[in-house]
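Engineer: Could you have a look at this structure, given as C-alpha cells, before my questions?
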Amino acid sequence: MIEDKNQQRTSLSSLGEFGLIQHLTQNIEITQPGTLTGIGDDAAVLDFKDKKVVVSTDLLVEGVHFDLAYMPLKHLGYKAVVVNLSDICAMNAKPTQITVSIAVSNRFPIEALDELYDGIKHAAKIYGVDIVGGDTTSSTKGMLLSITALGEADAEDITYRKGAGSTDLLVVTGDVGAAYMGLQVLEREKQVFQVNPNNQPDLDGYSYLIERQLKPEARRDIKEIFKALELQPTSMIDVSDGLSSEIIHLCKNSGVGCNLYEEKIPVDPQLINACEEFNIDITTVAINGGEDYELLFTIKQEDYDKIKANPNFTVIGHMTQESEGIHLITRANTKIPLKARGWNALTEGEE
Ligand code: ADP
Ligand code: MG
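All residue numbers for the sequence shown refer to the numbering used here, where the first residue is 416 and numbers rise by one.
So this is what it looks like as C-alpha cells:
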C-alpha cells in the first residue's frame, strides 16, 4: 500500500561501496561539542570531559523486527534511531552521538537507502545527536540495520534497573499500548490491500495509534523534568517490550516485588475505541503491547509530591518485598501474577 511503483531505481552497484558511503553520508553535520572527528577516518574521536559515557546498540532484521510492506523506509530510519536514544534516556543520560550500520541486498535501489537515511538524519537532527560513523555492507537477503547510540551523564544522575526499594512508587510517563494497536490496524489494512489493491486504507480514527507505531519518540524531555523537580528516580527502564515485562526487569534487578493497579494504567481514548472494535482486552494490550518507548521508573514515597501534579507522570503501583511476588491488581480487586509475556489472550499456548 505504500510502495510507489513509479519511483526511480538506481542500482547499488553503480556507486560501489565507497561511492555509496560517500553518497549516504554527505551533508552530515556535526553539532555536538564533544564530537572532535566524525565520519571519514578509521574511527570517530569523542570528548566527554568529566561526564560518564553510556552506550547502547540494537540490531534490526527485515522480516523479524520490521516489515517494509507497511513501514516506509523513512519511518524505519527514524524509528531505528529513536529506539536507541530511548535506551540512553532510560539511563537518565543525554543522547549525543550515533553510529549506523547497514547490510542490504541488491534488491534495494539507492533511492531506497536515501529514504532510509532521510529518516535517520531527520531523527539525528530532531534529537541533536551527531552521526559519527557506521559500516556499509551487502546481504544475500533483505536488510539489516544496526544503530549504536552514545550519551553522557553526571555519574550521580545515571539511573539503573537495579535501584528500586521495596516501598517505592512505580511511575510511568505518557500512555501505553497505543503502538501495539497501531500495528494491529496496519496489519489489518495490509490484509485488506492484499485482497483488493484498489482499496484505500481506512485509517481515520487511528492516527495516534499509527503514529505511535510508525513514528515513536524517545522521552528525552524527562531528564530535564527530573532536574527541574530535583527528583532522582531509584530505578528506570524504557517500555520497549511491554509494561509487564519491564516491571519484571525492574523487580528482578532490584530484588523487590510489585503491585500494579489495572485502574491506574494510562491509556489513550483511541486505544479504548480500537480495542472495542478489535474485541481485544484493553489491559492486555496496555501491559503486553510494547514499543511505547515511555519511561518506567520508581521513586521514593517522600518524592510523591514532586510528581503528583505533573501531567507527564502516572503512579501505577508500588514496589513490595520480593517474597510478595509481582502482581496485577484488577479493577475487580483480584490479584493476578504478572508474567513477562502476558497473562491471557496475547500469549495463549506460549510460555
Ligand atoms: P573501514 O574500512 O575503516 O571500516 P569504511 O570505508 O567502512 O571504513 O568507512 C569509512 C567511513 O565512513 C568511516 O568513518 C565509517 O564510520 C563511515 N561509514 C561507513 N558506513 C557508514 C554508514 N552506513 N553510515 C555512516 N557512516 C558510515
Ligand atoms: Mg567499514
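Cβ coordinates follow ideal geometry from the N, Cα and C atoms, glycine included.
(1) What residue does the alpha helix (DSSP H) around His537 start on, and which one ends it?
(2) For Ser581, which residues in the same chain have their Cβ closer than 7 Å to its Cβ, ignoring the five residues on either side in sequence?
(3) Which whole-angstrom value is the C-beta distance of His566 and Lys509, which I expect to be below 8 Å?
(4) Run the CB neighbour count on Arg576, radius 10 Å, all protein chains shown included, and call it buried at 16 or more, exposed below.
(5) Would you report the Cα separation of Leu624 and Gly704, rounded to the nearest angstrom?
(6) Out of Ala458, Gly592, Phe608 and Glu692, which has the shortest C-alpha to C-alpha gap to Gly549?
(7) Specify, as a first and last residue, the run of the beta strand (DSSP E) that Glu567 falls within.
(8) With hydrogens ignored, establish whether the beta-carbon of Asp457 is closer than 6 Å to any heavy atom of the ligand ADP.
(9) Between Gly592 and Cys673, is the Cβ-Cβ spacing less than 7 Å?
(10) For a test of the three-state rule: what should DSSP assign to Ser471, helix, strand or coil?
(11) In chain order, what are the residue ranges of uninterrupted alpha helix (DSSP H) at least 4 long that sit wholly in the stretch 447–520?
(12) Is Asn613 helix, strand or coil when you go by DSSP?
(13) Is DSSP giving Tyr575 helix, strand or coil here?
(14) Which residue's Cα is closest to the Cα of Pro648: Thr713, Thr563 and Glu477?
(15) Apart from the five residues on each side of it in sequence, which residues of its chain come closer than 8 Å, Cβ to Cβ, to Ile573?
(16) Quick check on DSSP: helix, strand or coil for Glu763?
(17) At a threshold of 6 Å, does Gly548 count as lining the ligand ADP (C-beta to nearest heavy atom)?
(18) Measuring alpha carbon to alpha carbon, tell me which of Thr698, Phe693, Ala568 and Leu491 ends up nearest Asp462.
(19) Using a 10 Å radius around the Cβ and a threshold of 16 neighbouring Cβ atoms, would you call Gln685 buried or exposed?
(20) Are there three or more Cβ pairs, one per stretch, closer than 8 Å when the stretch 604–624 is compared with the stretch 739–755?
(21) Note down, one range per segment and in chain order, each beta strand (DSSP E) of at least 3 residues found wholly within the stretch 602–672.
(22) Flag this pair as touching only if the stretch 692–706 and the stretch 605–616 have three or more C-beta atom pairs under 8 Å; answer yes or no.
(23) Across the stretch 424–440 and the stretch 487–506, are there enough close Cβ pairs to call them in contact, namely three or more that are closer than 8 Å?
(24) Closer than 6 Å to a non-hydrogen atom of the ligand ADP - does that hold for the CB of Val515?
(25) Using 8 Å for Cβ pairs, my map puts Ile541 next to Ile443. What's the rounded Cβ distance?
(26) Hey, would you say the C-beta of Asp454 is under 6 Å away from at least one heavy atom of the ligand ADP?
(27) Is the closest heavy atom of the ligand ADP to the C-beta of Ile436 under 6 Å?
Structural biologist: Result, derived from the coordinates:
(1) Ile525 to Tyr542
(2) Val671, Met734, Thr735 and Gln736
(3) Correcting the residue identity first, residue 566 is Gly in this sequence and not His. That pair is a contact at about 5 Å.
(4) buried
(5) 12 Å
(6) Ala458
(7) Met558 to Ala568
(8) yes
(9) no
(10) strand
(11) You should have 488–504.
(12) coil
(13) coil
(14) Thr713
(15) Lys467, Val469, Met506, Asn507 and Ala508
(16) With a pLDDT of 44 at Glu763, under the threshold of 50, the modelled position of that residue is not reliable, and the figure given next carries that caveat. Coil at Glu763, not helix or strand.
(17) yes
(18) Ala568
(19) buried
(20) no
(21) 650–653
(22) no
(23) In this structure the stretch 424–440 does not lie against the stretch 487–506, because fewer than three pairs of beta carbons, one per stretch, are closer than 8 Å.
(24) Yes; taking the cut-off as 6 Å, the Cβ of Val515 has a heavy atom of the ligand ADP nearer than that.
(25) Their Cβ separation, rounded to whole angstroms, is 15 Å, which puts Ile541 and Ile443 out of contact at 8 Å.
(26) In the sequence under discussion, the amino acid at residue 454 is Ile, which differs from the Asp named in the question. Yes - the ligand ADP has a heavy atom lying nearer than 6 Å to the Cβ of Ile454.
(27) yes
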